[in-house]
Amino acid sequence: MLGLPGGITALLFDLDGVLTDTAAVHAKAWKKTFEDEGYPFAKADYDTYVDGKPREDGIRDFLASRDVHPSADEIKRIGDIKNALVQHLIRTDGVEAFAGSIRYLEAATEAGLRRALVSSSHNAAEVLRVTGIDRFIEERVDGAVRESLGLKGKPAPDTFLEGAKLLGVTPEHAVVFEDALSGVAAGRAGGFYTVGVDRVGQREALKAHGADIVVDDLGELL
Ligand SMILES: [Mg+2]
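If you count the sequence shown from 1, position 41 lands on 51 in the working numbering, and the numbers rise without skipping.
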């Protein structure tokens, strides 16, 4: 059903880059934030160290790759700058939902599959609302929920496991949809069938990090 293996009853969707075209917004905000701090930041740095992870972990992992080890206060300062920039970009540039993702969510809803959002973002609720995707989403595990429950972020599987729990299913009955290398690694670590969504030409890397299949767009599965 819907391009998925048998026995699947629940779907766990990442937000940025899977349902909405916001991964580009995050990449732009990270680049400006790090470069304003004096650290050149390439596309590969975004994919390898930052994409999909909680903000603080992304900052720590990227700067560690430059042998820089900031304090918790310093990490928070940089993170606040980046978050303010993302919110500014979302409000000025707007957010688009991928048409293929909307069609997929409609088909999944009609088919009676359960649906949760599992995102590291602290802006997920607003993005769901402004794009209208909230009408398809039954449960949400976002950055705020992760912090309040003390869960580890992606690439740890904890937030996906929480999403499955909220939908009342075990991992073998749920699918993870992810565009980040950290995200497909989290899906694999949780024992989920994992669909990699390749928006930027990193098909082989998504497979290497744990995707069972890779698509360019969710519409391909319909
Ligand atoms: Mg993503």
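Where is the CB? At the ideal position from N, CA and C, for every residue including glycine. Model, not experiment: these values are computed from the prediction.
Does the beta carbon of residue 27 sit closer than 8 Å to a beta carbon anywhere in chain D?
This model lacks chain D altogether; it includes just one protein chain.
Starting from the N-terminal side, write out each stretch of the beta strand (DSSP E) that is 3 residues or longer and does not extend beyond the region 174 to 231.
As far as the region 174 to 231 is concerned, its whole beta strand (DSSP E) runs of at least 3 residues are 184 to 188, 203 to 207 and 223 to 225.
When DSSP builds the beta bridges, which residues end up paired with residue 107?
30
Does the beta-carbon of residue 169 have 16 or more other beta-carbons within 10 angstroms, so that it is buried, or is it exposed?
buried
Alpha carbon to alpha carbon, what distance is there between residue 156 and residue 162?
7 Å
To the nearest angstrom, report how far apart residue 218 and residue 83 are at their CA atoms.
34 Å
Check the C-beta distance from residue 110 over to residue 228 and give it rounded, since I have them as a contact under 8 Å.
5 Å
Within the structure, which residues are defined as neighbours of ligand 1 by a Cβ-heavy atom distance below 6 Å, reported in chain order?
Taken from the N-terminal end onward, the list reads 24, 26, 27, 28, 33, 62, 189, 190 and 193.
Could you work out which residue in 73, 48, 197 and 47 is closest to residue 59 when comparing CA atoms only?
73
Identify whether residue 78 lies in helix, strand or coil by the three-state DSSP scheme.
coil
Contact between the region 138 to 156 and the region 37 to 50 is defined here as three or more beta-carbon pairs at a separation below 8 Å; is this criterion met?
No: the two stretches stay apart, fewer than three of their Cβ pairs being nearer than 8 Å.
For residue 14 versus residue 23, is the C-beta distance shorter than 8 Å?
no
On the CB-based measure, 16 or more other CB atoms within 10 Å of its CB, does residue 75 come out buried or exposed?
That one is exposed.
Quick one: give me the first and last residue of the beta strand (DSSP E) that residue 126 is part of.
Counting along the chain, the beta strand (DSSP E) containing residue 126 begins and ends at 124 to 128.
Determine whether the beta carbon atoms of residue 21 and residue 199 lie at a separation below 8 Å.
No. Outside cutoff.
Just list the residues that DSSP pairs residue 23 with in beta bridges.
127 and 187
Taking only the alpha-carbon atoms, compute the straight-line gap between residue 35 and residue 102 and give it to the nearest angstrom.
11 Å
If the criterion is Cβ atoms closer than 8 Å, does the pair residue 61 and residue 215 meet it?
no
Can you tell me whether DSSP reads residue 149 as helix, strand or coil?
Three-state result, residue 149: strand.
Work out the CA separation of residue 164 and residue 213 for me, nearest whole Å.
19 Å
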